[in-house]
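S.K.: Below is a structure I'd like to ask you about.
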Amino acid sequence: MRHGALALAAVATTVVAACSNPVVPNYNALSGYPHTAASLQSEVTGAFDGVRTDIGNYNLFMDGMSRNTAYFTASEQRFVTVTTGESFAGPGDVFMGPLVWDFYFNAVKGIDTILANVPAIVVPTTSGSGPFPVAQQEAIFGALETLKAMYYMYIAQTRDTLGVPVNEVGRPIGATPTPILCAKDVWSQIVAMLDSANDSLTVAGATTAFPFTMPPGFALVSANAGSFAGLTRALRGKARIEFAYATGRPTDTLSIGTPNTAQLDSAVTDIVSAAPIYSPTLSAAEAVPAADLGVFHAFSTTSNDVQNPINTNAAAIWVLQDALAEIDTLDLRFVAKFGNAGSGPTSVGADIGSSWHYVNNISGSEPIPLVRNVELQLLLARAHLGLGDFTTAIGLANGVRTNVGGLPPASVAADYVDARNFILTEQRVSTMTEALGDRLDALRDLNLIGVRDTTWKAHSGPDGTAAHLAGVSKDYQTSVIAIPLGESDARNGNITPVCP
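If you're matching positions, the sequence shown starts at 705 in the working numbering and goes up one per residue.
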């Protein structure tokens, strides 16, 4: 993991920076970039590659804010103190703020550029030359629009109630920025993108092949438009759950709130139709993420490629005491990743860590899940929880616990609080350190940040109250990454989200 949380420069989404990657053109001179059939492979490779450099930071911050793990390093204590709420990270925070922003919006702009030029690309045909057949154009659109929605999902997961500007990238310099949308409207837009992607893949036809090669991590869905639609529906199911809860989160910790049940019903339909990723059959092999049915961010130790960004610092990623307290250390899902060192971390914040750290099934070429079957089982459980079908929700979580974790089934009362707590426990051990963000999503959606984020220790903060300075424990309960200072400055400080 590069310590680049400090080095990344924040840029407003109105100004998208070009880079040396050939798939990200000079946006000030688009006509100088050859949008041809020959260049399409490079452009598409870049679209799929958009976030690999930053996905490790996403993982560390989302897992830290979930109180699962933290990266303990003497060279940068904020990987622990900021992510776990020991120190304050306010608006314009320069440590976390630029992360999961620049790379992702650059990727969105790159995708928009490709899609705008696909109809004009000339390819050989039986009668000479012409554009791609309509079916292939639709397949290209469906795949790339899915990626675009996925990148917005990462941004939305990290900002939540702070909001996200959607359809903003690439606007002229000096143009009035479009509003930052509130969480509900951001997720509505993301679902709409995935609707459009799914429609295009349907029009393309299930057997239509893509005119390019996808990265190895997408092998399960790369054969044709029909298989790729499984990824689109899986992501749409996840997005629908977030949209559903963003419309009516609970105001207490004893009720489900008023989630949009139509979206939850549709999420269930999407997920169970998300083959080849979704399968109702589970096995112990899926305790290792890379062995599961899924789509992954692929990495390689080959020269000029990107290595898994967690790999070199994995052993410094320690399970927090908060997580270990509810995990059976014999669980196959746990031992697939973590080992007991006998003693814990020694750098700043060490007292919140356990003696278990990340040592198994992690290498420079280990893939990081984008979505996988075990995750979908637990998302299904969350959807059924919101629909009040507690028995089905508990059954799905127990299926993961027994078939993948190798533990005996749990006896859980079929009521909201017990079902919710059980799902959260099984979700935690199943997906921690996998850059999926599901636990933090759930804590927010179920109004549990205030009671599940542990108060670690005494420390002072920006409020400067006497009790605080006297050593009364306080937790800033950090659960979002601040909008970058560069974005705020470009908007003259107006980053208040709106719900049009």
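For each residue, glycine too, the CB sits at the ideal point set by N, CA and C.
Values in this document were obtained by computation on a predicted structure and should not be read as measured data.
For serine 931, count the other beta carbons within 10 Å of its own beta carbon; 16 or more makes it buried, fewer makes it exposed. Which is it?
M.R.: Buried: at least 16 other Cβ atoms inside 10 Å.
S.K.: From Val1039, Leu1024, Thr1095, pick the residue whose C-alpha is nearest to that of phenylalanine 1126; which is it?
M.R.: Selected option, being the one with the closest Cα: Thr1095.
S.K.: Do the CB positions of isoleucine 815 and lysine 852 come within less than 7 angstroms of each other?
M.R.: In this structure, lysine 852 lies closer than 7 angstroms to isoleucine 815 by Cβ.
S.K.: Measuring only the C-alpha atoms, how far is valine 1075 from leucine 935?
M.R.: Rounded to the nearest angstrom, the two C-alpha atoms are 8 angstroms apart.
S.K.: Look at the Cβ atom of leucine 1189, then the Cβ atom of glycine 878, and state whether they are nearer than 7 angstroms.
M.R.: Not in contact: leucine 1189 and glycine 878 (Cβ atoms no closer than 7 angstroms).
S.K.: Tell me the residue span of the alpha helix (DSSP H) that contains valine 817.
M.R.: In the sequence as presented, valine is not what sits at residue 817; that position holds threonine. Run containing threonine 817: 806 to 821, per the alpha helix (DSSP H) assignment.
S.K.: Tell me which residues share the same chain as alanine 1171 and place their Cβ nearer than 7 angstroms to its Cβ, disregarding the 5 neighbours each side in the sequence.
M.R.: Low local confidence applies: a pLDDT of 41 at alanine 1171 is under 50, so the model's placement there is unreliable, with the coordinate-based value given in what follows. Answer for alanine 1171: no residue qualifies.
S.K.: So what does glycine 998 bridge to, in DSSP terms?
M.R.: Looking at the DSSP assignment, glycine 998 forms a beta bridge with Arg1076.
S.K.: DSSP three-state label for histidine 1061, please.
M.R.: Strand, per DSSP.
S.K.: Determine the extent of the alpha helix (DSSP H) in which asparagine 1125 is found, giving its start and end residues.
M.R.: Asparagine 1125 -> alpha helix (DSSP H) spans 1120 to 1135.
S.K.: Below 8 angstroms, can you find three or more Cβ-Cβ pairs linking the stretch 776 to 788 to the stretch 951 to 964?
M.R.: Counting Cβ pairs under 8 angstroms, fewer than three are found: no touch.
S.K.: For the candidate residues Arg1195, Gly1103, Asp956, Phe1000, whose alpha-carbon lies nearest to that of valine 1121?
M.R.: Nearest of Arg1195, Gly1103, Asp956, Phe1000 to valine 1121, Cα basis: Asp956.
S.K.: What's the C-alpha gap between methionine 705 and asparagine 1015?
M.R.: In this predicted model, methionine 705 has a pLDDT of only 30, less than 50, meaning its place in the structure is not dependable; the value taken from the coordinates is given anyway. Methionine 705 and asparagine 1015: Cα-Cα distance of roughly 7 angstroms.
S.K.: Return the chain-ordered list of same chain residues with a C-beta closer than 6 angstroms to the C-beta of leucine 968, the five sequence neighbours on each side being excluded.
M.R.: These residues qualify, in order along the chain: Ala948, Ala1087, Gly1090, Leu1091.
S.K.: How far does the beta strand (DSSP E) with asparagine 871 in it extend, from its first residue to its last?
M.R.: No beta strand (DSSP E) contains asparagine 871, which DSSP labels as neither H nor E.
S.K.: Run through the stretch 1018 to 1042 for me and flag every whole beta strand (DSSP E) of 3 or more residues, listed as ranges in chain order.
M.R.: Listed in chain order, they are 1021 to 1024.
S.K.: Ordered along the chain, which non-local residues of its own chain (more than five positions away) have a Cβ less than 8 angstroms from that of glycine 1103?
M.R.: Only Leu986, Gln1081 meet the Cβ criterion.
S.K.: Measuring from the CB of serine 791, is there a heavy atom of the ligand MG at a distance below 6 angstroms?
M.R.: What this structure holds is no ligand at all, so the ligand MG is not there to describe.
S.K.: How is the beta strand (DSSP E) around tyrosine 775 delimited, first residue to last?
M.R.: Per DSSP, tyrosine 775 belongs to the beta strand (DSSP E) from 773 to 775.
S.K.: How is the beta strand (DSSP E) around glycine 834 delimited, first residue to last?
M.R.: 832 to 835 is the span of the beta strand (DSSP E), which, as asked, contains glycine 834.
S.K.: Can you find a CB in chain B that lies within less than 7 angstroms of the CB of methionine 897?
M.R.: Of the chains in the structure shown, none is chain B; there is only one protein chain.
S.K.: Assign asparagine 1008 to one of two classes, buried (16 or more other C-beta atoms within 10 Å of its C-beta) or exposed (fewer than that).
M.R.: Flag for asparagine 1008 reads exposed.
S.K.: Please state whether the Cβ-Cβ distance between valine 1281 and isoleucine 859 is less than 7 angstroms.
M.R.: Only positions 705 to 1204 of the chain appear in this structure, which leaves residue 1281 out of reach.
S.K.: Between Leu866, Asn1107, Leu1034, which lies nearest to cysteine 1203 when the distance is taken from Cα to Cα?
M.R.: Ranking Leu866, Asn1107, Leu1034 by Cα distance to cysteine 1203 puts Leu866 first.
S.K.: Going straight from the alpha carbon of glycine 1168 to that of valine 1133, what length do you get?
M.R.: Interpretation of glycine 1168 is limited by its pLDDT of 41, a score under 50 that renders its predicted location unreliable; the figure taken from the coordinates is listed afterwards. About 37 angstroms.
S.K.: Drop a sphere of 10 angstroms on the beta-carbon of glutamate 1191, count the other beta-carbons inside from all chains shown, and report buried for 16 or more, exposed for fewer.
M.R.: By the neighbour-count rule (16 or more Cβ atoms within 10 Å), glutamate 1191 is buried.
S.K.: Indicate the three-state DSSP secondary structure (helix, strand or coil) for leucine 848 in the structure shown.
M.R.: Leucine 848: helix per DSSP, three-state reduction.
S.K.: Applying the criterion that 16 or more other CB atoms from any shown protein chain within 10 Å of the CB defines a buried residue, is glutamine 840 buried or exposed?
M.R.: Classification of glutamine 840: buried, given that the 10 Å Cβ count is 16 or more.
S.K.: Which residue marks the beginning of the beta strand (DSSP E) containing valine 826, and which one marks its end?
M.R.: Looking at the DSSP string, the run of the beta strand (DSSP E) that includes valine 826 is 826 to 829.
S.K.: What is the residue span of the alpha helix (DSSP H) that arginine 1105 lies within?
M.R.: Per DSSP, arginine 1105 belongs to the alpha helix (DSSP H) from 1094 to 1107.
S.K.: By Cβ distance, which residues of its chain are closer than 8 angstroms to asparagine 928, with the 5 residues on each side in sequence left out?
M.R.: For asparagine 928, where only same-chain residues beyond five positions count, the Cβ hits under 8 angstroms are Ala843, Ala910, Thr911, Thr912, Ala913, Phe914.
S.K.: I'd like the list of long-range same chain contacts for glycine 768, defined as Cβ closer than 6 angstroms, with 5 residues on each side in sequence excluded.
M.R.: Excluding positions up to five away in sequence, the list reads Ala774, Thr787, Thr788.
S.K.: Between the C-alpha atoms of alanine 742 and tryptophan 891, what's the straight-line distance to the nearest angstrom?
M.R.: Their backbone Cα atoms lie some 35 angstroms apart in a straight line.
S.K.: According to the neighbour-count rule (16 or more other Cβ atoms, all chains shown, within 10 Å of its Cβ), is glycine 1046 buried or exposed?
M.R.: Exposed, because fewer than 16 other Cβ atoms sit within 10 Å of the Cβ of glycine 1046.
S.K.: Taking the alpha carbon of aspartate 1145 as the point to measure from, which residue in Pro919, Val826, Glu946 has its own alpha carbon closest?
M.R.: It is Glu946 whose Cα lies nearest to the Cα of aspartate 1145.
S.K.: With DSSP run on the structure shown, which of helix, strand or coil describes leucine 885?
M.R.: The answer is strand: DSSP assigns leucine 885 an E or B state.
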